[in-house]
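A quick write-up on the structure given underneath.
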Amino acid sequence: MIYEQRGWRELAIADYSAITALEAKTDQDRASRDAAFARLRALGGAALSATPKQGAAKTEPELPSGPSAQGLVPARRVALVIANGKYAHVEPLKNPANDANRVDAALRRMGFASVVKLIDLDLAGMNSALKTFAREAAQADLAMLYYAGHGIEVDGQNYLIPIDARLERVGDVELEALSLRLAMSQLEGTRILSLIVLDACRNNPFRARMVQRAGKRSIGRGLASVEPDQNTLVAFAAREGTTADDGEGNSSPFTLALARHIETTNLDVRILFGRVRDEVMRTTNRQQQPHVYGSLGGTSIFLAGNRR
């Protein structure tokens, strides 16, 4: 109610949307949900929970339409930013830490409730960070995981590579790297949007030695396409089967473009990554094409918005 009283329409819609996603166990809970649905209809907003949780009434809210359908900024936004560059067993990458610093600074200026930046993690560190972040995501309306570093594809599955990985044979990948599928599953509790951004499609430096002992297993170039659950977007720095540039300067082309556009207010997240794509294709002479996987509903979601 406070957001609405202060005239912060987008934040009020996000707050009411979060209430409609809660499990209704008591009469008071159901009354709160009904009241939230009523306020959403009055504001021209929509409850964005993908599927009502078990035990919740399956009330269909009215979708926004016309001039009032301005979208929303999720009320509680949290982020985990990871950069791996100082690899112990292959040549280091120079820009992931710089990329992480750019994204971290932007998210803090945007007023995210929590931003955790971690640099050069081993496998234990990545697992621990993700476990902790999953708890944050479960209490958030929007959770964003940003990763810069090496990522590889084996048998159609994608993996994020910690700095201590050796990957001397293809079978080591499940034991020494973090599965992207696992990372995605840890963000499933987010109420409105799970956003995973991967600047991780660089050339696979482990590939030559892995191929020698691959047997019948396939090792791809770049990353494989993904099919996220509803209300989840996964942004690749380069589309499936292609590689991304680490950058000649102090940042990668993808993250440089992302940092340039991410703070634009009242810009739908899908348009945001469309602008990032256009800029990267222009600056790389169409050698690198970012791609976003997943789909959202008909209400715009803004990562940054004006707070009146």
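For the sequence shown, my numbering gives the first residue as 11, with consecutive numbering after it. By construction, the Cβ of each residue, glycine as well, lies at the ideal position given by its N, Cα and C atoms. Predicted model, so just to flag it, every value in this text is computed and none were measured.
Would DSSP call residue i helix, strand or coil?
i, result
"residue 6", "In this structure the chain extends from 11 to 318, so residue 6 is not present and cannot be described."
"residue 189", "strand"
"residue 314", "coil"
"residue 183", "helix"
"residue 308", "coil"
"residue 48", "helix"
"residue 301", "strand"
"residue 29", "helix"
"residue 265", "helix"
"residue 41", "helix"
"residue 371", "The shown model of the chain, from 11 to 318, leaves out residue 371, and the question about it has no answer."
"residue 53", "helix"
What are the boundary residues of the alpha helix (DSSP H) that includes residue i?
i, result
"residue 141", "133-148"
"residue 291", "279-293"
"residue 115", "106-119"
Identify the continuous beta strand (DSSP E) that holds residue i and give its terminal residues.
i, result
"residue 85", "Residue 85 -> no beta strand (DSSP E), and no H or E assigned at all."
"residue 209", "203-209"
"residue 126", "124-129"
"residue 153", "152-158"
"residue 243", "242-246"
Measuring straight from C-alpha to C-alpha, what distance separates residue i and residue j?
i, j, result
"residue 5", "residue 293", "For the chain, the structure presents residues 11 to 318; residue 5 sits outside this window and is missing."
"residue 116", "residue 270", "9 Å"
"residue 241", "residue 38", "28 Å"
"residue 318", "residue 284", "At residue 318 the pLDDT is 40, less than 50, meaning the model places this residue with poor confidence and gives no usable figure here."
"residue 300", "residue 173", "24 Å"
"residue 44", "residue 188", "41 Å"
"residue 81", "residue 145", "26 Å"
"residue 52", "residue 282", "28 Å"
"residue 93", "residue 42", "41 Å"
"residue 246", "residue 36", "43 Å"
"residue 107", "residue 236", "26 Å"
"residue 302", "residue 275", "20 Å"
"residue 143", "residue 130", "17 Å"
"residue 76", "residue 295", "Bear in mind that the predicted position of residue 76 carries a pLDDT of just 27, short of 50, making it too unreliable to give a figure here."
"residue 277", "residue 312", "5 Å"
"residue 194", "residue 238", "8 Å"
"residue 307", "residue 83", "15 Å"
"residue 315", "residue 113", "17 Å"
"residue 165", "residue 179", "14 Å"
"residue 119", "residue 181", "42 Å"
"residue 244", "residue 304", "7 Å"
"residue 95", "residue 192", "22 Å"
"residue 286", "residue 134", "32 Å"
"residue 250", "residue 121", "32 Å"
Residues in the same chain with beta-carbon distance under 6 Å from residue i, minus the five sequence neighbours each way, listed in chain order, please.
i, result
"residue 155", "90, 206"
"residue 190", "168"
"residue 197", "147, 153, 204"
"residue 289", "267"
"residue 128", "92, 139"
"residue 86", "123, 150, 151"
"residue 214", "162"
"residue 252", "232"
"residue 291", "299"
Under 7 Å Cβ to Cβ from residue i, same chain only, skipping five residues before and after it: list those, please.
i, result
"residue 256", "103, 104, 105, 212, 262"
"residue 60", "Residue confidence for residue 60 is low, a pLDDT of 35 falling below 50, so the modelled location carries little weight and cannot support an answer."
"residue 161", "168, 169, 170, 171, 208, 210, 211, 233"
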